[in-house]
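In the order they appear, the protein sequences are chains L and W.
Sequential numbering from 61 applies to the first sequence in our numbering.
Sequential numbering from 2 applies to the second sequence in our numbering.
So the structure is just underneath, and the comments pick up after that.
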Amino acid sequence: MSTALLISIISTAVVYAATVLYAAVGEIFSQRAGVMNLGLEGIMLMGAVSGYMVAVYQQNLFLAMCVVILVGAALGLVFSFLTVTMQADQTVCGMAMLTFGTGLSGFLGKSVAGVNADLAFEPIPIPVLSRIPVLGPSLFSQNILVYLIYLIIPLSMIYIYKTRAGMILRALGENPAALDSAGYNVYALRYAYVIFGSIMTAVGGAVVSLAYTNFWSDGMTSGKGWIAVALVVFSAWNPLTATFGAMLFGAISIIGIDVQTLFPSVPSQVFAALPYIATIIVLIFTTGNFGGRRSSAPAALTIPYDREKR
Amino acid sequence: MEVKKSPVLEMKHITKTFGSVTANRDVSLSVYPGEIHALLGENGAGKSTLMNILTGIYAPDGGEIIYKGKHRDIHSPKDAVALGIGMVHQHFRLIPTLTVAENVFLYSGKKTFFLHRDEMEKEIRECSSQYNLQVSPEAYVWQLSVGEQQRVEIVKLLHQGAEVLILDEPSAVLTPQEAQSMFDTLRRMADSGKAVIVISHKMNEVMTNADRITVLKNGMVEDTMPASEATVARLTSAVVGERTLPQQTTEDAERGDQGRLGEEIFVMENVSALNDRGLPALKGVSLSVRAGEIFGIAGVAGNGQRELSEVIAGLRPVTEGSLTLSGKELSKASVKEHIREGIALIPEDRLQTGLVPELSFVQNVILKKSDSERYSRNGILQEKAMHADAAEYAARYDIRHGGLDLPVGLMSGGNQQKLLFAREVSGKPRLIVAAYPVRGLDIGAAESIRGILREQSRQGTAIVFISEELEEIFSMCDRIGVLCDGELMGIRAAGETDLKEIGRMMSGEREETV
Numbered sequence: 061m062s063t064a065l066l067i068s069i070i071s072t073a074v075v076y077a078a079t080v081l082y083a084a085v086g087e088i089f090s091q092r093a094g095v096m097n098l099g100l101e102g103i104m105l106m107g108a109v110s111g112y113m114v115a116v117y118q119q120n121l122f123l124a125m126c127v128v129i130l131v132g133a134a135l136g137l138v139f140s141f142l143t144v145t146m147q148a149d150q151t152v153c154g155m156a157m158l159t160f161g162t163g164l165s166g167f168l169g170k171s172v173a174g175v176n177a178d179l180a181f182e183p184i185p186i187p188v189l190s191r192i193p194v195l196g197p198s199l200f201s202q203n204i205l206v207y208l209i210y211l212i213i214p215l216s217m218i219y220i221y222k223t224r225a226g227m228i229l230r231a232l233g234e235n236p237a238a239l240d241s242a243g244y245n246v247y248a249l250r251y252a253y254v255i256f257g258s259i260m261t262a263v264g265g266a267v268v269s270l271a272y273t274n275f276w277s278d279g280m281t282s283g284k285g286w287i288a289v290a291l292v293v294f295s296a297w298n299p300l301t302a303t304f305g306a307m308l309f310g311a312i313s314i315i316g317i318d319v320q321t322l323f324p325s326v327p328s329q330v331f332a333a334l335p336y337i338a339t340i341i342v343l344i345f346t347t348g349n350f351g352g353r354r355s356s357a358p359a360a361l362t363i364p365y366d367r368e369k370r
Numbered sequence: 002m003e004v005k006k007s008p009v010l011e012m013k014h015i016t017k018t019f020g021s022v023t024a025n026r027d028v029s030l031s032v033y034p035g036e037i038h039a040l041l042g043e044n045g046a047g048k049s050t051l052m053n054i055l056t057g058i059y060a061p062d063g064g065e066i067i068y069k070g071k072h073r074d075i076h077s078p079k080d081a082v083a084l085g086i087g088m089v090h091q092h093f094r095l096i097p098t099l100t101v102a103e104n105v106f107l108y109s110g111k112k113t114f115f116l117h118r119d120e121m122e123k124e125i126r127e128c129s130s131q132y133n134l135q136v137s138p139e140a141y142v143w144q145l146s147v148g149e150q151q152r153v154e155i156v157k158l159l160h161q162g163a164e165v166l167i168l169d170e171p172s173a174v175l176t177p178q179e180a181q182s183m184f185d186t187l188r189r190m191a192d193s194g195k196a197v198i199v200i201s202h203k204m205n206e207v208m209t210n211a212d213r214i215t216v217l218k219n220g221m222v223e224d225t226m227p228a229s230e231a232t233v234a235r236l237t238s239a240v241v242g243e244r245t246l247p248q249q250t251t252e253d254a255e256r257g258d259q260g261r262l263g264e265e266i267f268v269m270e271n272v273s274a275l276n277d278r279g280l281p282a283l284k285g286v287s288l289s290v291r292a293g294e295i296f297g298i299a300g301v302a303g304n305g306q307r308e309l310s311e312v313i314a315g316l317r318p319v320t321e322g323s324l325t326l327s328g329k330e331l332s333k334a335s336v337k338e339h340i341r342e343g344i345a346l347i348p349e350d351r352l353q354t355g356l357v358p359e360l361s362f363v364q365n366v367i368l369k370k371s372d373s374e375r376y377s378r379n380g381i382l383q384e385k386a387m388h389a390d391a392a393e394y395a396a397r398y399d400i401r402h403g404g405l406d407l408p409v410g411l412m413s414g415g416n417q418q419k420l421l422f423a424r425e426v427s428g429k430p431r432l433i434v435a436a437y438p439v440r441g442l443d444i445g446a447a448e449s450i451r452g453i454l455r456e457q458s459r460q461g462t463a464i465v466f467i468s469e470e471l472e473e474i475f476s477m478c479d480r481i482g483v484l485c486d487g488e489l490m491g492i493r494a495a496g497e498t499d500l501k502e503i504g505r506m507m508s509g510e511r512e513e514t515v
């Protein structure tokens with residue numbers, strides 16, 4: 061394998077990983093708070109389309125990201141209102157979010173479908189680091205959204221395991237009644253983490269449209285939201301493990317594209333399906349009941365908290 | 002006791018209703034610093050509701066709370082904690098995936114941005130050693146025994162600076178020895194000037210360990226007295242009122258009458274099984290039950306009782322050993338075969354595994370036999386036959402229901418349990434496994450349930466009776482086996498042992514089987 065090919069594989073895998081990691085890390089926070097949002101795909105699409113539209117019409121990436129964050133926050137607010145305040149079924153709401161986001165993004169994006177924004181997050185090589193052979197050009201000649209996720213992963217690890225707020229978060233998805241009796245506002249905390257998760261997911265969508273593929277088409281995130289959900293379970297709700305998982309999925313999807321040129325007789329769809337097949341296999345092995353050990357989801361995940369009912 | 006100081010806490014004329022049910026009516030209670038105050042009463046007497054009002058979980062409909070001489074409105078557990086009122090609930094409010102130190106610091110301690118584990122752990126050691134409470138602050142809560150978890154709950158309250166500590170049925174999950182050490186700790190806390198409120202329904206425990214006793218009945222204060230003036234007779238009449246205690250004498254005489262017993266029909270040999278986490282829960286358990294015998298399983302809850310009952314019913318795979326009913330090997334058999342062979346299970350969580358709360362009385366009755374000709378023809382339910390049988394059950398076992406077509410979730414616990422028994426017994430089982438069949442039931446319902454079991458044993462059914470109430474086991478059973486940490490510590494004939502010996506075995510002392 062030539063060095064150039066290796067760099068291209070790693071580099072693309074990293075961007076791919078970044079797109080799913082934003083959503084996965086957001087969902088880790090949301091699920092650790094006890095709320096499962098299965099509508100990531102819909103939120104990603106909304107983030108992708110809103111960011112791309114602002115980029116096309118305003119030619120301003122900063123403004124685009126501000127709008128993406130607002131869109132994510134708004135969707136998160138709706139989702140937490142339904143699941144936390146109204147105590148609606150989280151799975152059903154997730155499906156609603158999925159169809160809503162997919163449909164609305166397709167409708168809104170009609171005017172920019174196929175339009176070239178002439179604007180995207182361009183790679184910024186980091187001095188010195190980018191000169192490291194292979195790793196330099198692949199890891200440190202990336203766009204700012206990728207660098208940001210480099211920061212978010214360690215920060216989220218520190219937050220979850222080393223800070224007081226993180227300790228409260230870990231408790232929130234396990235036993236909200238205990239937190240309530242300790243005087244914490246379970247509802248407010250869940251709102252905050254669901255909204256945070258939704259913002260991260262929307263940003264992940266914007267990474268797809270503004271830094272990965274640089275165009276908008278209907279349903280363009282093509283299942284990345286679902287892969288993010290799978291990653292959350294695969295990682296046992298740990299952002300660092302999720303990173304390795306995301307890189308693995310990224311590598312599989314990229315290698316699939318490169319390898320398919322070597323096997324022209326095999327339909328390309330087989331290779332395109334690789335990351336999804338990998339998702340299923342990985343999930344079976346990480347969440348299935350093998351040898352009596354089960355991965356441990358937060359105990360109160362998907363259970364609405366109701367102070368009167370205990 | 003020296004001259005009474007002023008009470009640290011007074012609850013005056015508290016009233017609380019839930020819909021049409023009055024949980025507390027005009028309840029007044031005074032608690033002094035330095036005392037252990039026991040709240041005694043049956044299930045449903047309003048003890049927990051009263052304490053939930055005190056800790057801000059429920060808002061009272063009437064009455065007031067005076068704490069340290071001032072009127073207080075307690076709107077949330079947070080308010081209560083801020084005042085210095087804390088409660089150890091029956092179901093612990095601990096987070097298993099956090100360490101002991103983290104669990105404590107969720108509630109109190111310096112609110113630093115980062116967690117300083119060393120300092121946190123040191124602080125907890127200091128706080129717990131003061132009252133001789135043994136806890137290891139760095140351990141994860143899921144690694145701890147129930148007794149240790151309870152100590153963590155107490156440390157949590159102390160660390161919050163609680164001055165009034167409320168404990169809901171604290172001895173329910175402990176061995177007699179553990180319970181004594183827990184009460185010793187409570188005494189040390191009272192001696193240091195704190196007020197301790199203990200909710201209990203065990204008269205002996207309350208008389209030995211409390212300073213004052215308040216008895217609640219039907220949501221009202223029935224009697225209040227210093228422990229020194231309490232007698233079993235006075236407490237009994239306050240707790241149960243004029244209701245006569247069930248006659249047990251004839252049955253008791255019959256116990257131990259070996260002629261009543263038939264041959265050994267159920268035999269377990271060296272049976273091992275895993276719990277839900279994949280850890281060993283039963284370790285080489287061997288026992289046999291004769292036809293007509295009631296075999297009691299004593300032990301602190303969580304020592305393998307649930308797994309034992311599930312193994313016998315075929316719900317949990319046996320990893321080792323054999324299990325036979327009338328010589329037929331069942332260790333590899335399906336649940337359906339177990340049912341066909343005549344094994345009936347009364348599970349400990351009747352509303353989760355026993356009944357379907359959303360289904361009606363009638364539907365629950367036929368649940369296990371829905372494929373029989375009588376109830377279903379070509380897949381169509383035979384409503385008439387179903388209703389007839391359900392009505393018959395209701396009459397025969399005196400099951401009070403709001404209507405045969407209403408969900409059983411609306412019925413009281415006692416009636417749910419009677420329904421469950423009626424259904425299981427109707428299948429003419431040869432072996433009944435009853436796990437904590439009277440837990441949470443009032444005295445009347447509990448006695449009907451025991452009556453059904455005794456009746457079954459007279460008809461020659463073998464019974465495995467799991468309970469944590471030793472008195473009950475002694476009055477019901479022919480032989481008693483004690484489970485501790487998944488092992489059968491020994492088997493005794495009920496007439497040839499005593500509470501002390503069984504208590505020792507419950508705490509893990511192995512005794513040779515007679």
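Yeah, the Cβ is synthetic: ideal placement off N, Cα and C, and Gly gets one too.
Expressed to the nearest angstrom, what Euclidean distance is found between the alpha-carbon atoms of residue i and residue j?
i      : j      : result
W:D169 : L:S282 : 54 Å
L:S269 : L:L179 : 11 Å
W:N210 : W:H92  : 22 Å
L:N274 : L:G99  : 23 Å
W:E179 : W:P138 : 20 Å
W:R493 : W:G509 : 15 Å
L:Y253 : L:E234 : 15 Å
W:E488 : W:S146 : 16 Å
W:L283 : W:A173 : 22 Å
W:E359 : W:L471 : 34 Å
With C-beta atoms as the reference, is residue i less than 8 Å away from residue j?
i      : j      : result
L:N120 : L:S258 : no
L:V293 : L:L215 : no
W:K48  : W:L217 : yes
W:A391 : W:F422 : no
L:G107 : L:G264 : yes
W:V156 : W:V105 : yes
L:A360 : L:G94  : yes
W:G461 : W:A292 : yes
L:V267 : L:T79  : yes
Does any residue of chain W have a CB that is nearer than 8 Å to the CB of residue i?
i      : result
L:S171 : no
L:I220 : no
L:R224 : yes
L:I228 : yes
Grab me the residues of residue i's own chain with a C-beta within less than 6 Å of its C-beta, minus the 5 sequence neighbours each way, in chain order.
i      : result
L:G305 : L291, F294 and S295
L:A133 : I255 and I259
L:G310 : A73, Y76 and A77
Tell me which residues share the same chain as residue i and place their Cβ nearer than 8 Å to its Cβ, disregarding the 5 neighbours each side in the sequence.
i      : result
L:L239 : I228, A231, L232, V246 and L249
Can you name, in chain order, every residue of its own chain whose Cβ lies under 7 Å from the Cβ of residue i, other than the five neighbours on each side?
i     : result
L:L66 : V194
W:S29 : M12, K13, H14 and V222
Check whether the Cβ of residue i sits closer than 7 Å to any heavy atom of the ligand SAH, and report yes or no.
i      : result
W:Q178 : Annotation note on the ligand SAH: not contained in the displayed structure, which lists no ligands.
Less than 8 Å between CB atoms is the rule here; does residue i satisfy it with respect to chain L?
i      : result
W:V82  : yes
W:T237 : no
W:K284 : no
W:L103 : This sequence places Glu at residue 103 of chain W; Leu is not what is there. Output row for W:E103: interface = yes.
### Query
Below 8 Å, can you find three or more Cβ-Cβ pairs linking the segment 113–127 of chain L to the segment 140–153 of chain L?
Using a C-beta cut-off of 8 Å, the segment 113–127 of chain L makes no contact with the segment 140–153 of chain L, since fewer than three inter-stretch Cβ pairs fall below that distance.
### Query
For the 8 Å Cβ check, are there 3 or more pairs between the segment 409–420 of chain W and the segment 444–451 of chain W?
Contact holds: three or more Cβ-Cβ distances are below 8 Å.
### Sufficient close CB pairs (3 or more, under 8 Å) joining the segment 296–304 of chain W to the segment 479–491 of chain W
Contact holds: three or more Cβ-Cβ distances are below 8 Å.
### Query
Are three or more beta carbon pairs between the segment 113–127 of chain W and the segment 64–82 of chain W nearer than 8 Å?
The segment 113–127 of chain W makes no contact with the segment 64–82 of chain W, as fewer than three CB pairs between them are under 8 Å.
### Task
Pair every Cβ in the segment 433–441 of chain W with every Cβ in the segment 335–351 of chain W, then say whether three or more of these pairs are closer than 8 Å.
Three or more beta-carbon pairs separated by less than 8 Å link the segment 433–441 of chain W to the segment 335–351 of chain W, which places the two stretches in contact.
### Query
Taking one C-beta from the segment 320–329 of chain W and one from the segment 401–410 of chain W each time, how about it: are there three or more such pairs within less than 8 Å?
Result no; under three Cβ-Cβ pairs closer than 8 Å.
### Query
So does the segment 182–190 of chain W actually touch the segment 214–228 of chain W, counting three or more Cβ pairs closer than 8 Å?
Taking 8 Å as the limit for Cβ pairs, the verdict is that the segment 214–228 of chain W does not touch the segment 182–190 of chain W.
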